[in-house]
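Down below is the structure, laid out as structure tokens.
This is how it looks when you write it as structure tokens:
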């Protein structure tokens, strides 16, 4: 069906679009318009005759429908009839929400199984059996925990720090010791004020000065090379490692 403007000859497929045009342009709606098809007439009598005489839209089961498009004059005799097939929009396939949810669950299970397989493969390459552990593997470890120290203590060691976390506060079992017996190399890095000099001083103290912080029956000999652009003959301070030489237990 077509709905026409009562002022101009424009026509629209919906009444809403025609009414928006009328409101925007300041035009008028046809006075004698039939709501079912949008045709309009010159008088009320002609409109009533159209309703009663033609039994308008009686055959609603027809596969096609008539769209009368009348001229601006409003004369039914000048109307043109167009037949257009009804269009029905069908979905290609229903929404498979349940199928997509099941697929996501299956993917999650497969991912978890793959992770377990990877962990199993990784654990097969690690031998934690106490029967295959050798004493030299323990003695050559630079850092030693409390359980390992109790099981097979090295000849010489010193307190180095502690292992802490949010769930496990500092305790006796969280202590870490530096193994003085085995040779090792240490590279200390960090930002300004992060404790690099203090860490170096702790390592040197464990190797040079006997104390209750560890077991050092035979202190080692050490040499320290220090360079700092802030230290010169005119000013500056020596590094913390240099102050270890002032201890009475240290031979310089």
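Numbering (our numbering), first residue to last: 7 to 258.
Virtual Cβ for every residue (Gly too), placed ideally from N, Cα, C.
By DSSP's criteria, residue i is part of a beta bridge. Which residues make up the other side?
i: residue 17; result: 10
i: residue 220; result: 164
i: residue 149; result: 184
Quick one, which of the options has its alpha-carbon nearest residue i's?
i: residue 247; options: 204, 190, 57 and 256; result: 204
i: residue 165; options: 172, 208 and 190; result: 208
i: residue 232; options: 120, 221, 244 and 224; result: 244
i: residue 224; options: 169, 132 and 214; result: 214
i: residue 144; options: 187, 29, 31 and 51; result: 187
i: residue 31; options: 123, 256 and 16; result: 16
i: residue 182; options: 151, 210 and 234; result: 151
i: residue 220; options: 12, 184 and 24; result: 184
i: residue 161; options: 177, 170 and 222; result: 222
Could you pull the start and end residues of the beta strand (DSSP E) that residue i belongs to?
i: residue 183; result: 181-185
i: residue 154; result: Careful: residue 154 lies outside any beta strand (DSSP E), inside the alpha helix (DSSP H) at 152-157.
i: residue 165; result: 163-168
Alpha carbon to alpha carbon, what distance is there between residue j and residue i?
i: residue 10; j: residue 58; result: 22 Å
i: residue 253; j: residue 173; result: 38 Å
i: residue 146; j: residue 199; result: 31 Å
i: residue 227; j: residue 175; result: 36 Å
i: residue 190; j: residue 149; result: 10 Å
i: residue 129; j: residue 193; result: 30 Å
i: residue 29; j: residue 114; result: 58 Å
i: residue 159; j: residue 179; result: 15 Å
i: residue 153; j: residue 195; result: 28 Å
i: residue 131; j: residue 157; result: 24 Å
i: residue 234; j: residue 206; result: 15 Å
i: residue 124; j: residue 163; result: 38 Å
i: residue 155; j: residue 116; result: 43 Å
i: residue 51; j: residue 36; result: 15 Å
i: residue 257; j: residue 197; result: 32 Å
i: residue 99; j: residue 121; result: With a pLDDT of 49 at residue 99, under the threshold of 50, the predicted position of this residue should be treated as unreliable, though the coordinate-derived value follows. Cα to Cα, residue 99 sits roughly 36 Å from residue 121.
i: residue 167; j: residue 217; result: 15 Å
i: residue 55; j: residue 49; result: 10 Å
i: residue 12; j: residue 19; result: 15 Å
i: residue 104; j: residue 119; result: Any reading at residue 104 needs caution, since the residue's pLDDT is 49, under 50, leaving its predicted position unreliable; the model's value is listed next. Distance between the alpha carbons of residue 104 and residue 119: 23 Å.
i: residue 26; j: residue 34; result: 11 Å
i: residue 249; j: residue 229; result: 13 Å
i: residue 211; j: residue 127; result: 43 Å
i: residue 75; j: residue 45; result: Confidence in residue 75 is poor, its pLDDT being 38 and thus under 50, which makes the residue's placement unreliable; the coordinate value appears in the next sentence. One C-alpha to the other measures close to 7 Å.
i: residue 251; j: residue 171; result: 35 Å
i: residue 22; j: residue 14; result: 17 Å
i: residue 202; j: residue 255; result: 24 Å
Would you kindly report the start and end of the unbroken alpha helix (DSSP H) that includes residue i?
i: residue 174; result: No alpha helix (DSSP H) holds residue 174; DSSP gives it neither H nor E.
i: residue 211; result: 202-214
i: residue 249; result: 246-249
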